[in-house]
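All residue numbers for the sequence shown refer to the working numbering, where the first residue is 43 and numbers rise by one.
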Amino acid sequence: MDDVYNYYNAYAEKRGYGVCRGVVKKSRTPPHPIIYQGYVCDKEGVKNTTDKRHKGLLINCHPDSRVSCPAAIRIILTSLKRWRVSRFFNGHPHKFTRPDKAHNHYSHRTHRSKLAGPLCAI
Ligand SMILES: [Zn+2]
43 MDDVYNYYNA
53 YAEKRGYGVC
63 RGVVKKSRTP
73 PHPIIYQGYV
83 CDKEGVKNTT
93 DKRHKGLLIN
103 CHPDSRVSCP
113 AAIRIILTSL
123 KRWRVSRFFN
133 GHPHKFTRPD
143 KAHNHYSHRT
153 HRSKLAGPLC
163 AI
């Protein structure tokens, strides 16, 4: 499953967008393994602006860069205990980040830090 994330994240970096983990479904039977995992574009959804703590206050928020992008990949665990791609949608209604700036997406920064960790320890 991590291989799917790493592969999709590397693909996303080349295209110019970031990846977030999406919906997860676990089995009802113990030990409740994950049987369904989705990964989505980091521009999926919209910012929640209905926080009760901000009611009546003037709040300077960052502008919402998310545009409800529907791009996603979903994988399911088959009865043979193998992961299979159940859905891949690659339509992005937004512009991609330039290749020289794509590493600034959160998913690519954490990915790089995981890779750089063991190398820095040497
Ligand atoms: Zn997108």
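Beta carbons: idealized from backbone N, C-alpha and C, even for Gly.
As the structure is a computational prediction, the values presented were derived from the model and not from experiment.
The region 98 to 113 makes no contact with the region 73 to 80: fewer than 3 CB pairs, one atom from each, lie closer than 8 Å.
Sequence-distant partners of P141 (beyond 5 residues in either direction) whose C-beta falls short of 7 Å from its own C-beta, in its chain, are G58.
If you compare the alpha carbons of I101, G133 and I118 with that of R126, the shortest gap goes to I118. A direct Cα-to-Cα measurement between I115 and N51 gives close to 11 Å. Within the region 59 to 104, the beta strand (DSSP E) runs of at least 3 residues that lie entirely inside it are, in chain order, 61 to 68 and 76 to 83. Not one heavy atom of ligand 1 falls within 7 Å of the beta-carbon of H104.
S149 is positioned such that its CB atom lies no closer than 8 Å to that of V88. Its Cα nearest to that of G133, the residue E86 stands out among R95, G80, L99 and E86.
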